[in-house]
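Written out below as C-alpha cells is the structure these notes cover.
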Amino acid sequence: MAFSTNQDLHTYAPEVFGQGVEDWSNELALAETDVINQIKIRYWNKYENPSNFDATKLTNSQWTKSTVYQALYAYILPKLSTFRPEGDPFQTQITFYKERSVEEIDTQFAVGIQYDKDGSGSLEDSEITRFTQDKLYR
Numbered sequence: 129m130a131f132s133t134n135q136d137l138h139t140y141a142p143e144v145f146g147q148g149v150e151d152w153s154n155e156l157a158l159a160e161t162d163v164i165n166q167i168k169i170r171y172w173n174k175y176e177n178p179s180n181f182d183a184t185k186l187t188n189s190q191w192t193k194s195t196v197y198q199a200l201y202a203y204i205l206p207k208l209s210t211f212r213p214e215g216d217p218f219q220t221q222i223t224f225y226k227e228r229s230v231e232e233i234d235t236q237f238a239v240g241i242q243y244d245k246d247g248s249g250s251l252e253d254s255e256i257t258r259f260t261q262d263k264l265y266r
C-alpha cells in the first residue's frame, strides 16, 4: 500500500528531482504515516473504535495529493533548504506546500473518507464518511 510514489511527486513538483536526489520514497512513506495519523486523530479515534482501524482499507488514490504535499513541506524541502534568509526559494515553497497540505486534507474530509469497512474491494455509499465541522471548537 502506498498513497504516493516518486512518479506522483514528479507530477506535482518535478523540480525536487533536479537537486541530486532521485528517490524520495522514504520521505513519502513518512508523509503517508503523517496523513494516516491525521485521519486517526481527526476522525477515527473520535467516532470509531480505535482498535478497528486498518489503513489498508483506505482508498490510496484519495490521499495521494495530500501525501505529496506533506512530504514536500515536512521532509523533502527542508532537506534541500539552506535556511539562509537570502535567496532560499525552498523556504517559500515549504510555506506554500504546508498550506496546500492542510487544504487538501480538509477537502478530502469534506468529500468523504473512503474506507472499505467490509473489505469487499468495492466501495458502497455507506463506506464513505463525510466529515464537516458545524461547531467552532476551542
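Numbering (this note's numbering), first residue to last: 129 to 266. The beta-carbon is built from N, C-alpha and C at its ideal position, and this holds for glycine as well.
Count the other CB atoms within 10 Å of the CB of residue 211; is the residue buried (16 or more) or exposed (fewer)?
-> exposed
Using 10 angstroms around the beta-carbon of residue 198, count the other beta-carbons present and answer buried if the total reaches 16, otherwise exposed.
buried
Query raised in the report: Looking at the structure shown, is residue 220 part of a helix, part of a strand, or coil, going by DSSP?
Result: helix
- request: Return helix, strand or coil for residue 208, following the three-state DSSP convention.
  value: helix
Taking one C-beta from the segment 248-255 and one from the segment 163-176 each time, how about it: are there three or more such pairs within less than 8 Å?
no
Quiz item: For residue 251, which three-state DSSP category applies?
Solution: coil
Inset, instruction - Under 8 Å by Cβ, that's how I've got residue 236 and residue 189 pegged, so tell me the actual separation to the nearest angstrom. - result: Rounded, the Cβ-Cβ distance is 11 Å, inconsistent with contact.
Exercise. Going by DSSP, which residues form a beta bridge with residue 186?
Worked result: 243
Check whether the Cβ atoms of residue 218 and residue 208 sit closer than 8 Å, and answer yes or no.
-> yes
Notebook entry, point to check: Going by C-alpha distance, which of 240, 158 and 258 is nearest residue 202?
Noted result: 158
Among 186, 138 and 255, which residue has its Cα nearest to the Cα of residue 196? 138
Open item on the list: For residue 256, list the residues DSSP reports as bridge partners.
Closed with: 242
> By a C-beta neighbour count over all protein chains shown, 10 Å radius and 16 as the cutoff for buried, is residue 239 buried or exposed?
Replying inline: exposed
Quiz item: Near residue 191, what residues of its chain come up, given a Cβ to Cβ distance below 6 Å and the 5 sequence neighbours on each side ignored?
Solution: 131 and 163
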